[in-house]
Each structure stands twice: as C-alpha cells, then as structure tokens.
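Working notes, structure below.
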Amino acid sequence: RAKKDGPGKVVVFEPAMHAEALARLTLTADLKHALAADQFRLLYQPLIHLDSGRATGVEALIRWARPGSGSPAAAFAPPAGFVPPAGFLPLAEENGMITDIGRWVLRTAGAQAAEWRRVFPELTLNVNVSGRQLTDPQFAADVERTLTDTGLPAAAITLELTESVLMSDPRTAVACLADLRDLGVGLAIDDFGTGYSSLSYLQRLPVDELKIDRAFISRAEPTAADLAVIRTVVELARTLKLRTVVEGVETGEQHAAMRELGCDHGQGYHLCRPLAPENIPAAFAQPLVV
Ligand code: C2E
Ligand code: MG
Ligand code: MG
Ligand code: MG
C-alpha cells in the first residue's frame, strides 16, 4: 500500500523494508488522519477520596479508535479494541503531532467536565500534558481559551506533568508554569517518585498535587521500603500543603493501607476503572468503595 504523504510525496514500501519500519510508517500515516477522522476518544478515571470512597474528580485518558485495531463491535465498547496511549503518544511526541492532539484533549475534556459540573458542581478535571506541549508558546493561551469557551473555572482543572518533563527543560517549564499559575489552574506531578528528583523544585514551582507512582504499591506485597517512600511523600506533601493521590490501587488491602498512611486520594482498578463518559454520572452519584 502506497500512501500520499503531502503534496507530490509518495512513500513507496520496498519489499526489503523491515516489518517494524513498515508498521511505523503506516502508524504515522494513520495517526496524521486520526484527528480529522475523529478517531480519538477519552476515557475518564475517577479520583477517589480514600476516606469517603467518593469520586471527587476525573483524569482524562486518551484512546485511539484506529480502524482495524480491534473488532468492529469492540469499537463501541471501550477500552477493548482501542490503541492505548503507549501505542501512539511516543510517536506523536517525536513528530510534534502531540501539540494538536493535546489541544483536542484539553478542549474535549474541558467541555465534558463543564457539562458534568452542572449536575456535580464539585467535579474537577485532571489532564495529562506532555513536555512538547509545555514548550509550545501557545499552550497557556490554549488553556485560557478552553476556560473561556467552556465556562470552566480555572480551579476546576489540574494539569499533570511528570518530573522528567519539568527537569528536561526547566527554564521553559518555569516560564510556562508561571503563566498557568496566573490563570489559576492546578498543577500535579504525575508518576511522582520515579523521575530524577531534585525536590527543591517543589518549592520553586506552583505545584498543588503529588501523584505517587503505582510502582510503590503495585507489588502484591509492598516492601518496607515502598511503604517508607509513600509515608515520606505523604509527610512531605502535608508540610508543603499539597494534595496526594496514590496511583494503581488494585486491592482493598492497598486501599486500607494507603488510607492509614494518610494519603488523601487514590486511583486504581479497585477504586474505579477508566470509564466511558456516559458512565461517569453514575460514578459520582454515590460512594464507589468503602
Ligand atoms: P498516567 O497519567 O500515569 O495514567 C495512569 C495510567 O494507569 C492509565 O493508563 C490508567 O489506565 C492506568 N491505571 C489506572 N489504574 C490502574 C491500576 O489500578 N493498575 C494499573 N496497572 N494501571 C492503572 P493509560 O490510560 O494507558 O495511560 C498511560 C499514560 O499515557 C498516562 O499515565 C499518561 O502519562 C499518558 N496519557 C494518557 N492520556 C494522555 C493524554 O491525553 N495526553 C498526554 N500527554 N498523555 C496521556
Ligand atoms: Mg496522569
Ligand atoms: Mg501517573
Ligand atoms: Mg503512571
């Protein structure tokens, strides 16, 4: 299959081409059309207040309904048949498509959250942001535009960034984060504890929330060291007045242990799986776990 790739440019697949390179080429070509063809979907995973078992907010998680990636029936029943972020976001970051995709995520999730907030006024929205988006000079303006277009208050949105993103280009990050802080949006450090950590940045940057990576609780039997890390992060967060969210809560035992350690919020399959948007209102109507 040959594909037109911009004016006058035709990519011809040589028989000798490795299967991997071929797959990458078709992936790139398909990804270029995915936005225009409306093939992205968002799932929303509730953030759960561990003491009450109630959902307080949602994190938007992108999926790609790539034609041919699953059975036709599965396309209507996410997440089966959907390409997970790991299957296309690295490529989108490399070739810059993440900027447009990220803008779509922000606007779609923002509009959706504004709608839900008419019924659940306290619902908050977390959106993942990649490093490439942060270096886009338009980014803060895009966030502001989303707020004005949707009527969502800035305090209802928290942007999730990883430590590695903040560390790879600290100066750009600091400038962009200052603009975002002026808008009033929240900032979370995602996968906290896995990156290169100079903890001093927590004081320099306008951080509101630490999301403790699931690596620390994902073992069937968390080690004493794992628990010590979590305890220390919770303590640090309390001192700096940051919210804590522990990721990857998969069992009732883990839920109880994290509650005991004083962690505010959690996310994970035991608490609630990522949901299709139509299932979110039911998740906010009553406590999900006790
Ligand atoms: P993340 O932001 O750390 O999101 C948490 C990931 O853990 C999600 O994977 C979620 O489905 C999964 N998860 C939730 N609960 C559990 C659990 O109990 N156990 C396990 N093993 N996993 C759990 P997902 O949806 O595949 O997303 C992977 C990553 O892709 C995200 O990690 C985030 O870094 C990135 N991502 C997702 N959506 C977006 C987006 O819209 N924009 C950007 N830039 N990145 C995104
Ligand atoms: Mg996240
Ligand atoms: Mg995370
Ligand atoms: Mg993670």
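In the working numbering, the protein residues as written are 909 to 1198.
All C-beta atoms in this analysis are idealised placements derived from N, C-alpha and C, irrespective of residue type, glycine included.
* Per-residue burial, residue 1149 [other beta carbons within 10 Å of its own, 16 or more giving buried] -> Result: exposed.
So for residue 943, helix, strand or coil by DSSP? Coil, per DSSP.
Neighbourhood of residue 1047 by C-beta, 7 Å cutoff - its chain only, sequence neighbours within 5 removed: Within the same chain, Cβ atoms closer than 7 Å to the Cβ of residue 1047 are found at 1041 and 1084, the five residues on either side in sequence being excluded.
**Study point:** alpha helix (DSSP H) segments (min. 4 residues) lying fully within the stretch 989-1028
**Key:** Counting whole runs of 4 or more residues, the stretch 989-1028 contains the alpha helix (DSSP H) stretches 997-1002 and 1006-1025.
Quick check: what's the CA-CA separation for residue 985 versus residue 948?
Residue placement at residue 985 cannot be trusted, given a pLDDT of 43 that sits under 50; the coordinates are not used to answer.
Item to check | residue 1051 (DSSP reduced to helix, strand or coil) | outcome: For residue 1051, the secondary structure class from DSSP, reduced to helix, strand or coil, is helix.
Legend entry - Close-in-space but distant-in-sequence residues of the same chain around residue 1012 (CB under 7 Å, 5 per side omitted): Excluding residues within five positions, the ones whose Cβ falls inside 7 Å are 943 and 948.
Which first and last residues belong to the alpha helix (DSSP H) in which residue 1199 is found?
Here the chain covers residues 909 to 1198 and nothing more, so residue 1199 does not appear.
Could you tell me the alpha carbon to alpha carbon distance between residue 1076 and residue 1033, rounded to whole angstroms? In a straight line, the C-alpha of residue 1076 is about 26 Å away from that of residue 1033.
- For residue 984, does the three-state DSSP call read helix, strand or coil? Bear in mind that the predicted position of residue 984 carries a pLDDT of just 46, short of 50, making it unreliable; the figure below should be weighed with that in mind. If DSSP states are grouped into helix, strand and coil, residue 984 belongs with the helices.
message: Taking only three categories from DSSP, how would you classify residue 1171?
response: Coil, per DSSP.
_On the DSSP bridge list, what partners appear for residue 954?_
Its beta-bridge partners are 966.
* Asked: What number of angstroms, rounded off, separates the C-alpha of residue 1007 from the C-alpha of residue 1022?
  -> When rounded, the distance between both Cα atoms is 22 Å.
Does the beta-carbon of residue 1003 have 16 or more other beta-carbons within 10 angstroms, so that it is buried, or is it exposed? In the assembly as shown, residue 1003 is an exposed residue. Its beta-carbon has fewer than 16 other beta-carbons within 10 Å.
* Kindly give me the distance between the Cβ atoms of residue 1100 and residue 1121, rounded to whole angstroms, as I take these residues to be in contact under 8 Å. => Contact holds; Cβ gap of about 6 Å.
Any idea which residues DSSP pairs residue 1117 with across the strands?
Beta-bridge partners of residue 1117 (DSSP): 1096 and 1151.
Count the other CB atoms, across all protein chains shown, that sit within 10 Å of the CB of residue 1073; report buried if there are 16 or more and exposed otherwise. Classified as buried, residue 1073 has 16 or more neighbouring CB atoms from the shown chains inside 10 Å of its CB.
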